[in-house]
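J.: Structure incoming, see below.
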Amino acid sequence: MLITKFLHNCLNEALQKLIDEQNITNFTPPAYVVEKPKNKTHGDYATNLPMQLAKIFKENPIDIAHKIKDKFDADNFEEISVASPGFINFKLSKIWLEKEIIRCIDLKNNFGNQNKNNKKVQVEFVSVNPTGKLHLGHIRGAVIGSTISNILESQNFTVTREYYVNDAGNQIDFFCKSIIERIKELQGKDFKITDEMYSGIDILNISKKIINKYPDYQNYDFSNITEDEFEELKKISIEICINEIMDDLKSLNIYHDNWFSESSLIDAGYLDETIDILKELNLIYVKDEATWIKTEELGDDRDNVLFKSSDKKPTYFATDIAYHRNKFKERYFEKVINVWGSDHHGHIKRMELILEKLNVDPKNFNVILNQIVSLKSNNKTVKFSKRSGNSIFLSEIVEEIGADACRFSFLSRSSESQMEIDLDLFKSKSAENPVFYIQYAHARLCSILKNAKEKQIDFETEKILSLETIEEINLAKKITEFPELLHRVSENYGVHELTFFALELSQLIQKFYENNRVFDKDSKGDQITKSRLIITKASKITLANLLSLMGMSSPEEM
RNA sequence: GCCCCUGUAGCUCAGUGGAUAGAGCAACUGCCUUCUAAGCAGUGGGUCGGGGAUUCGAAUUCCUCCAGGGGCGCCA
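To convert, take the position in the first sequence, counting from 1, and add 101; that gives our numbering.
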């Protein structure tokens, strides 16, 4: 069981006893916390329950604390103490820690995992329009989305990682027109890239690939292109573009289970069906030849267009409503998490309002908004735009600093903080990236374990563990927090916590390594060696599990 | 004009109601005949943007002001 949950249970029990004794009725338990105190000398965990009770009981919090403490079954703790102005501090016992470390070794790759939830959850992330290669601004959502998916999976959610392919709408038409102009360029003919087209180098590369794969386009005359021919080229362009995106994601260890096409919603009539439902709810009207939805009536600041007046085609919002109805009502996801850029924030409220009308509990519609990543150069912020192609491609970054350092850097900031990246600094700093420190800790552990194997020391049959030094104890405590960490992140989606934990764990590993030799000069495997090998193994398991959840590698040597 | 995010050490950022505000990097001082020095031990560094309020207690909640960024489309 998770430590804080265990302590909560103990405290609730103690509280209940106290209430029974005092014959208090009509009592609602106050909200209180169990947490790790900042100052370690106070203990491993602390609660503010007595202070929260002080007003209700009209009693001094210190006295309440003592009463609660007396109700405690103290076997699992080395010490329970009361501190002013009314904290109860808990110090975990060695026996308890040793039990947890053994459990870690027994569970191996499953240490930290849960087996309770089993909810069907969808994580939609990246979902960048297939109009070119991924660039710097897309890395963050990609890394956050894949990590949160891994974490949820570890907590026994059934996770579908999905990429929503915006293959309908006029952006895609502009993309296809850009491709045509680039093919004309390759043909040596006159070509013209207008402002609304995509002008990046990646478009030219995609055009080359199209010609390679479909040589008919080598001498194709686009001057009288029919609608069908345009659609055909569009399909081909999207396919090649998506393959490029897949390669980019693969280089960062990111995979999707499902690539969901926007146009499939339209082709299958699902959009129309959704609109019919909205009509029945009396939310649809026509004005100025466009079709609108009454979002203002639902609480938004204005109504929104679902079908444009010009060509009667659906807006992004219209298909997105259908898409989300599909997620909940067709595929029965119990929980949906969208990793969106902050530019979507106005979209969230509207979507919630409509989902509620469609009988979806908005609680199950979660959005992780990640703030924009911008580029700094010569102390000036550069705004990048995909259309003008002035951005840095994801592939360049990965090539330059490596996938592990890249993932770690983008994971280590909380999603709502803005990131401004000075590219030169970013690249040069990558050598000092904490990821190498963490991986080095892992490699050192592996080196010890390899040594044990060569010496044929069996420490896993009997597993006799005795935590003695301060380094061993601190390391063991950190390891026991790992399941707690994963559980917390699966609820608050704060994936940046993982990087901080990884760093702290690695520091404790390095200290253990430096100060607690596992092997003496001629060690044949005495009790201290065996005990330390158990800690070594548990540390390695924990760190490797964590790195794997973050989508990073755990090198055995460096 | 309205909405959202941010402001914490020289730099990049954690900490969002608890006890003496932390980490990485940078700076400085020591430590390699012992399992990997990509390491360890230690030192310096703070008006938590300003002001006010709430309470036993505020970097954290509320109000206000200042600064930076983003959004407010019949684009996606």
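Even for Gly, the Cβ is constructed at its ideal location relative to N, Cα and C.
Bridge partners for residue 523 per DSSP, in chain order?
T.: According to DSSP, residue 523 bridges with 477.
J.: Use the C-beta contact count for residue 631: other C-beta atoms within 10 angstroms, 16 or more gives buried, fewer gives exposed.
T.: Buried, by the Cβ-count rule.
J.: So residue 352 and residue 443 are supposed to be a Cβ contact under 8 angstroms. How far apart are they, rounded?
T.: Contact flag wrong, Cβ pair sits at about 25 angstroms.
J.: Let me know the alpha helix (DSSP H) ranges lying completely inside the segment 413 to 468, each 4 residues or longer, listed in chain order.
T.: The segment 413 to 468 contains these whole alpha helix (DSSP H) runs: 417 to 426 and 446 to 458.
J.: How would you label residue 144, buried or exposed, when you count the other beta carbons within 10 angstroms and need 16 or more for buried?
T.: Buried.
J.: Between residue 170 and residue 161, what straight-line distance do the alpha-carbon atoms span, to the nearest angstrom?
T.: Taking the straight line from one Cα to the other gives about 14 angstroms.
J.: Have a look at 635, 643 and 389 and flag the residue whose alpha-carbon is nearest the alpha-carbon of residue 199.
T.: Checking every option, the nearest Cα to that of residue 199 belongs to 635.
J.: From which residue to which residue does the alpha helix (DSSP H) around residue 541 run?
T.: From DSSP, the alpha helix (DSSP H) with residue 541 extends over 535 to 555.
J.: Between which two residues does the beta strand (DSSP E) harbouring residue 386 extend?
T.: 385 to 388 is the span of the beta strand (DSSP E), which, as asked, contains residue 386.
J.: Taking contact to mean 3 or more Cβ pairs, one atom from each stretch, closer than 8 angstroms, check whether the segment 272 to 288 and the segment 238 to 251 are in contact.
T.: Taking 8 angstroms as the limit for Cβ pairs, the verdict is that the segment 238 to 251 does not touch the segment 272 to 288.
J.: Take every Cβ of the segment 336 to 344, pair it with every Cβ of the segment 302 to 310, and state whether three or more of those distances are shorter than 8 angstroms.
T.: As far as the Cβ criterion goes, the segment 336 to 344 touches the segment 302 to 310, which means the pair count is three or higher.
J.: How far does the alpha helix (DSSP H) with residue 641 in it reach, from first residue to last?
T.: Its alpha helix (DSSP H) spans residues 628 to 650.
J.: Assign residue 122 to buried or exposed, taking buried as 16 or more other Cβ atoms, counted over all protein chains shown, within 10 Å of its Cβ.
T.: With fewer than 16 Cβ atoms within 10 Å of its Cβ, residue 122 is classed as exposed.
J.: How many angstroms separate the CA atom of residue 468 from the CA atom of residue 446?
T.: So the alpha carbons of these two residues sit roughly 9 angstroms apart.
J.: When DSSP labels each residue in this structure, what does residue 123 get in the three-state scheme?
T.: Three-state DSSP puts residue 123 in a helix.
J.: Would you call the segment 184 to 194 and the segment 551 to 571 touching, i.e. three or more CB-CB distances under 8 angstroms?
T.: As far as the Cβ criterion goes, the segment 184 to 194 does not touch the segment 551 to 571, which means the pair count is below three.
J.: Decide if residue 392 is buried, meaning its Cβ has at least 16 other Cβ atoms within 10 Å, or exposed.
T.: Answer is buried; the Cβ neighbour count reaches 16.
J.: When the Cα of residue 342 is compared with those of 280, 184 and 406, which residue comes out closest?
T.: Considering only alpha carbons, the answer is 280.
J.: Considering only their Cβ atoms, is the gap separating residue 241 from residue 474 smaller than 8 angstroms?
T.: Taking 8 angstroms as the Cβ cut-off, residue 474 and residue 241 qualify as a contacting pair.
J.: Taking just the CA atoms, how far does residue 616 sit from residue 441?
T.: Cα to Cα, the separation comes out at about 46 angstroms.
J.: According to DSSP, what are the bridge partners of residue 197?
T.: Bridge partners of residue 197: none, in fact.
J.: Here's a check: name, in chain order, each residue in its chain whose Cβ is nearer than 6 angstroms to the Cβ of residue 221, leaving out the five neighbours to either side.
T.: Taken in chain order, the residues that qualify are 259, 434 and 435.
J.: Can you tell which of 151, 628 and 658 has the C-alpha that lies nearest to the C-alpha of residue 537?
T.: The candidate whose alpha carbon is nearest that of residue 537 is 658.
J.: Tell me, to the nearest whole angstrom, how far the beta carbon of residue 458 is from that of residue 501; I am working on the premise that it is less than 8 angstroms.
T.: Contact flag wrong, Cβ pair sits at about 48 angstroms.
J.: For the putative contact between residue 454 and residue 401, defined by C-beta atoms under 8 angstroms, what is the C-beta separation to the nearest angstrom?
T.: The pair is a contact, with the Cβ atoms about 6 angstroms apart (cut-off 8 angstroms).
J.: Between which two residues does the alpha helix (DSSP H) containing residue 396 stretch?
T.: It spans 396 to 399 - the alpha helix (DSSP H) in which residue 396 sits, taken as one unbroken run.
J.: For residue 223, write down the residues that DSSP places opposite it in a beta bridge.
T.: 261 and 437, per the DSSP bridge assignment.
J.: With DSSP run on the structure shown, which of helix, strand or coil describes residue 307?
T.: Residue 307 falls in the helix class under three-state DSSP.
J.: Within the same chain, show all residues whose beta-carbon is closer than 6 angstroms to that of residue 613, passing over the 5 residues directly before and after it, in chain order.
T.: Closer than 6 angstroms at the Cβ level, and outside the excluded window around residue 613, lie 572 and 576.
J.: Which same chain residues end up closer than 7 angstroms to residue 594 when comparing Cβ atoms and leaving out the 5 residues on each side of it in sequence?
T.: If we look at residue 594 and ignore the five residues flanking it on each side, its Cβ neighbours are 249 and 469.
J.: Give the DSSP-derived three-state secondary structure of residue 128 in the structure shown.
T.: Of the three classes helix, strand and coil, the one that applies to residue 128 here is coil, per DSSP.
J.: Can you find the residues in the same chain that come closer than 6 angstroms, C-beta to C-beta, to residue 517, ignoring five residues on each side of it along the sequence?
T.: Excluding positions up to five away in sequence, the list reads 472.
J.: Need the endpoints of the beta strand (DSSP E) that residue 406 sits in, please.
T.: Per DSSP, residue 406 belongs to the beta strand (DSSP E) from 405 to 408.
J.: Apart from the five residues on each side of it in sequence, which residues of its chain come closer than 7 angstroms, Cβ to Cβ, to residue 203?
T.: Excluding sequence neighbours, residue 203 sits near 564 and 566.
J.: Per DSSP, which one or two residues make a beta bridge with residue 189?
T.: BP columns for residue 189 point to 148 and 183.
J.: What are the boundary residues of the alpha helix (DSSP H) that residue 331 is part of?
T.: Note, residue 331: alpha helix (DSSP H), 328 to 352.
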